[in-house]
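Counting from 1 along the sequence shown, just add 293 to a position and that's the residue number in this note's numbering.
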Amino acid sequence: MNLGLEVHVDADAATQRVANLVAERMRGRASTLALSRGAELLACLGAEDIPWQRVTVYQVDERVAPSGHADRNLPQLLAAIPTDAVRPMPVEESDLEAVAARYADELPEALDLIHLGLGTDGHTASLVPGDPALDVCDRLIAVTREYEGRRRMTLTYPALEAAREIVWLVTGEAKREVLA
294 MNLGLEVHVD
304 ADAATQRVAN
314 LVAERMRGRA
324 STLALSRGAE
334 LLACLGAEDI
344 PWQRVTVYQV
354 DERVAPSGHA
364 DRNLPQLLAA
374 IPTDAVRPMP
384 VEESDLEAVA
394 ARYADELPEA
404 LDLIHLGLGT
414 DGHTASLVPG
424 DPALDVCDRL
434 IAVTREYEGR
444 RRMTLTYPAL
454 EAAREIVWLV
464 TGEAKREVLA
(Lines of atoms letter the chains of each structure in order from A and count residues from 1; the text may use other names and numbers.)
(Lines give C-alpha, C1' and ligand atoms only; values in the text may rest on other atoms or scores of the structure.)
Protein backbone atom coordinates (compact mmCIF):
# COMPACT_ATOMS: atom_id res chain seq x y z
CA MET A 1 0.00 0.00 0.00
CA ASN A 2 1.40 3.36 -1.02
CA LEU A 3 0.82 6.00 1.62
CA GLY A 4 2.39 8.81 -0.37
CA LEU A 5 1.65 12.40 0.51
CA GLU A 6 1.94 15.31 -1.87
CA VAL A 7 1.70 18.94 -0.84
CA HIS A 8 1.00 21.51 -3.55
CA VAL A 9 1.36 25.27 -3.67
CA ASP A 10 -2.38 25.85 -3.88
CA ALA A 11 -5.75 24.13 -4.22
CA ASP A 12 -5.75 24.47 -8.02
CA ALA A 13 -2.42 22.66 -8.32
CA ALA A 14 -3.55 19.90 -5.96
CA THR A 15 -6.83 19.49 -7.84
CA GLN A 16 -5.08 19.29 -11.21
CA ARG A 17 -2.64 16.71 -9.84
CA VAL A 18 -5.49 14.51 -8.62
CA ALA A 19 -7.27 14.87 -11.98
CA ASN A 20 -4.06 13.84 -13.78
CA LEU A 21 -3.64 10.85 -11.48
CA VAL A 22 -7.25 9.71 -11.96
CA ALA A 23 -6.94 10.07 -15.74
CA GLU A 24 -3.70 8.09 -15.74
CA ARG A 25 -5.30 5.26 -13.75
CA MET A 26 -8.42 5.15 -15.93
CA ARG A 27 -6.53 4.77 -19.21
CA GLY A 28 -5.68 1.41 -20.67
CA ARG A 29 -8.39 -0.92 -19.39
CA ALA A 30 -11.95 -1.08 -18.17
CA SER A 31 -12.03 0.55 -14.75
CA THR A 32 -14.30 1.46 -11.88
CA LEU A 33 -14.13 4.82 -10.17
CA ALA A 34 -16.03 6.30 -7.22
CA LEU A 35 -16.13 10.08 -7.02
CA SER A 36 -16.93 12.49 -4.21
CA ARG A 37 -18.39 15.96 -4.60
CA GLY A 38 -16.08 18.68 -5.86
CA ALA A 39 -16.91 20.93 -8.79
CA GLU A 40 -13.28 21.90 -9.39
CA LEU A 41 -12.01 18.32 -9.58
CA LEU A 42 -14.95 17.21 -11.69
CA ALA A 43 -14.35 20.06 -14.15
CA CYS A 44 -10.69 19.05 -14.41
CA LEU A 45 -11.68 15.41 -14.96
CA GLY A 46 -14.10 16.45 -17.68
CA ALA A 47 -11.20 18.11 -19.51
CA GLU A 48 -8.91 15.06 -19.22
CA ASP A 49 -8.49 12.49 -21.98
CA ILE A 50 -10.28 9.65 -20.18
CA PRO A 51 -11.88 6.79 -22.13
CA TRP A 52 -15.24 7.16 -20.34
CA GLN A 53 -16.77 4.39 -22.45
CA ARG A 54 -14.52 1.96 -20.50
CA VAL A 55 -15.05 3.53 -17.08
CA THR A 56 -17.95 2.94 -14.71
CA VAL A 57 -18.38 5.81 -12.27
CA TYR A 58 -20.09 5.31 -8.92
CA GLN A 59 -20.91 7.89 -6.30
CA VAL A 60 -19.03 7.87 -3.00
CA ASP A 61 -22.05 9.42 -1.31
CA GLU A 62 -25.23 11.33 -2.03
CA ARG A 63 -27.63 13.48 -0.06
CA VAL A 64 -31.25 12.36 0.09
CA ALA A 65 -32.89 15.20 -1.83
CA PRO A 66 -35.12 15.60 -4.89
CA SER A 67 -33.68 15.21 -8.38
CA GLY A 68 -31.67 18.25 -9.45
CA HIS A 69 -31.63 19.80 -5.97
CA ALA A 70 -28.58 21.97 -5.22
CA ASP A 71 -27.73 19.75 -2.22
CA ARG A 72 -27.24 16.75 -4.49
CA ASN A 73 -23.80 15.65 -5.72
CA LEU A 74 -25.16 14.11 -8.92
CA PRO A 75 -25.72 17.35 -10.90
CA GLN A 76 -22.02 18.26 -10.52
CA LEU A 77 -21.02 14.77 -11.59
CA LEU A 78 -23.27 14.73 -14.65
CA ALA A 79 -22.07 18.19 -15.69
CA ALA A 80 -18.54 16.82 -16.10
CA ILE A 81 -18.81 13.08 -16.81
CA PRO A 82 -20.76 11.44 -19.66
CA THR A 83 -24.12 10.25 -18.34
CA ASP A 84 -23.66 6.72 -19.72
CA ALA A 85 -20.63 6.21 -17.46
CA VAL A 86 -22.39 7.23 -14.23
CA ARG A 87 -24.28 4.93 -11.87
CA PRO A 88 -26.23 7.33 -9.60
CA MET A 89 -27.13 6.44 -6.04
CA PRO A 90 -30.94 5.98 -5.99
CA VAL A 91 -31.72 8.40 -3.16
CA GLU A 92 -35.12 9.44 -4.52
CA GLU A 93 -36.73 6.10 -3.71
CA SER A 94 -38.89 5.72 -0.60
CA ASP A 95 -37.25 2.55 0.80
CA LEU A 96 -33.69 3.80 1.16
CA GLU A 97 -32.38 0.66 2.86
CA ALA A 98 -33.66 -1.55 0.03
CA VAL A 99 -32.25 0.61 -2.74
CA ALA A 100 -28.95 0.94 -0.86
CA ALA A 101 -28.71 -2.86 -0.85
CA ARG A 102 -29.46 -2.97 -4.59
CA TYR A 103 -26.83 -0.32 -5.30
CA ALA A 104 -24.33 -2.32 -3.25
CA ASP A 105 -25.15 -5.37 -5.39
CA GLU A 106 -24.12 -3.37 -8.48
CA LEU A 107 -20.71 -2.48 -7.03
CA PRO A 108 -17.69 -4.57 -7.96
CA GLU A 109 -15.95 -6.51 -5.19
CA ALA A 110 -13.27 -3.83 -5.19
CA LEU A 111 -13.44 -0.44 -6.85
CA ASP A 112 -10.30 0.39 -8.80
CA LEU A 113 -10.04 3.95 -7.51
CA ILE A 114 -11.95 6.01 -4.97
CA HIS A 115 -11.60 9.79 -4.66
CA LEU A 116 -12.22 11.10 -1.15
CA GLY A 117 -12.33 14.53 0.39
CA LEU A 118 -12.32 15.56 4.03
CA GLY A 119 -14.80 17.68 5.95
CA THR A 120 -13.77 20.21 8.57
CA ASP A 121 -15.21 17.87 11.22
CA GLY A 122 -13.06 14.99 9.97
CA HIS A 123 -15.70 13.12 7.99
CA THR A 124 -15.10 11.53 4.63
CA ALA A 125 -17.71 10.17 2.25
CA SER A 126 -20.73 10.70 4.51
CA LEU A 127 -19.11 8.79 7.36
CA VAL A 128 -19.69 11.43 10.00
CA PRO A 129 -18.36 11.17 13.57
CA GLY A 130 -20.98 9.52 15.78
CA ASP A 131 -23.16 8.16 12.96
CA PRO A 132 -24.12 4.45 13.15
CA ALA A 133 -22.95 4.06 9.53
CA LEU A 134 -19.41 4.09 10.93
CA ASP A 135 -20.10 0.72 12.55
CA VAL A 136 -21.44 -1.00 9.43
CA CYS A 137 -19.13 -3.89 8.60
CA ASP A 138 -21.41 -6.23 6.63
CA ARG A 139 -22.51 -3.94 3.77
CA LEU A 140 -20.83 -1.79 1.14
CA ILE A 141 -23.50 0.94 1.26
CA ALA A 142 -25.29 2.47 4.25
CA VAL A 143 -27.88 5.16 4.84
CA THR A 144 -26.90 7.70 7.49
CA ARG A 145 -28.81 9.69 10.03
CA GLU A 146 -29.51 13.31 9.22
CA TYR A 147 -26.38 15.45 8.95
CA GLU A 148 -26.48 19.12 7.97
CA GLY A 149 -30.19 18.77 7.23
CA ARG A 150 -30.06 15.65 5.05
CA ARG A 151 -29.79 11.90 5.35
CA ARG A 152 -27.22 10.43 3.00
CA MET A 153 -26.35 7.24 1.21
CA THR A 154 -22.65 6.41 1.39
CA LEU A 155 -19.95 3.87 0.76
CA THR A 156 -19.01 2.17 4.04
CA TYR A 157 -15.60 1.38 5.48
CA PRO A 158 -15.68 -2.15 3.98
CA ALA A 159 -16.13 -0.61 0.50
CA LEU A 160 -13.31 1.85 1.13
CA GLU A 161 -11.01 -0.83 2.54
CA ALA A 162 -11.58 -3.08 -0.48
CA ALA A 163 -10.58 -0.40 -3.00
CA ARG A 164 -7.47 -1.03 -5.02
CA GLU A 165 -6.47 2.60 -4.59
CA ILE A 166 -7.75 5.70 -2.79
CA VAL A 167 -6.75 9.25 -3.63
CA TRP A 168 -7.52 12.02 -1.17
CA LEU A 169 -7.93 15.66 -2.14
CA VAL A 170 -7.83 17.84 0.96
CA THR A 171 -7.53 21.60 0.50
CA GLY A 172 -8.22 24.71 2.52
CA GLU A 173 -6.98 26.28 5.71
CA ALA A 174 -10.06 25.09 7.63
CA LYS A 175 -8.89 21.48 7.28
CA ARG A 176 -5.40 22.05 8.64
CA GLU A 177 -6.48 21.33 12.23
CA VAL A 178 -8.28 18.12 11.24
CA LEU A 179 -5.11 16.85 9.56
CA ALA A 180 -2.83 17.78 12.46
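Even glycine gets a Cβ: it sits at the ideal position worked out from N, Cα and C.
Within the same chain, and ignoring the five residues on either side of ARG347 in sequence, the residues whose Cβ sits closer than 6 Å to its Cβ are ALA323. Taking one beta carbon from each stretch, the stretch 419 to 439 and the stretch 369 to 377 have fewer than 3 pairs nearer than 8 Å; the two do not touch. The shortest C-alpha to C-alpha distance from TYR440 to any of ALA452, ALA426, ILE434 is the one to ALA426.
DSSP places TYR450 inside the alpha helix (DSSP H), whose first and last residues are 450 to 455. Given a length threshold of 3 residues, each whole run of the beta strand (DSSP E) inside the stretch 384 to 431 is given here in chain order: 406 to 409. Judged by DSSP secondary structure, ASP354 falls within the beta strand (DSSP E) whose first and last residues are 354 to 356. Across the structure, ALA332 and GLY410 are spaced so that their CA atoms are roughly 12 Å apart. Cβ-Cβ separation between ALA340 and ALA403: approximately 28 Å, too far for a contact (criterion under 8 Å).
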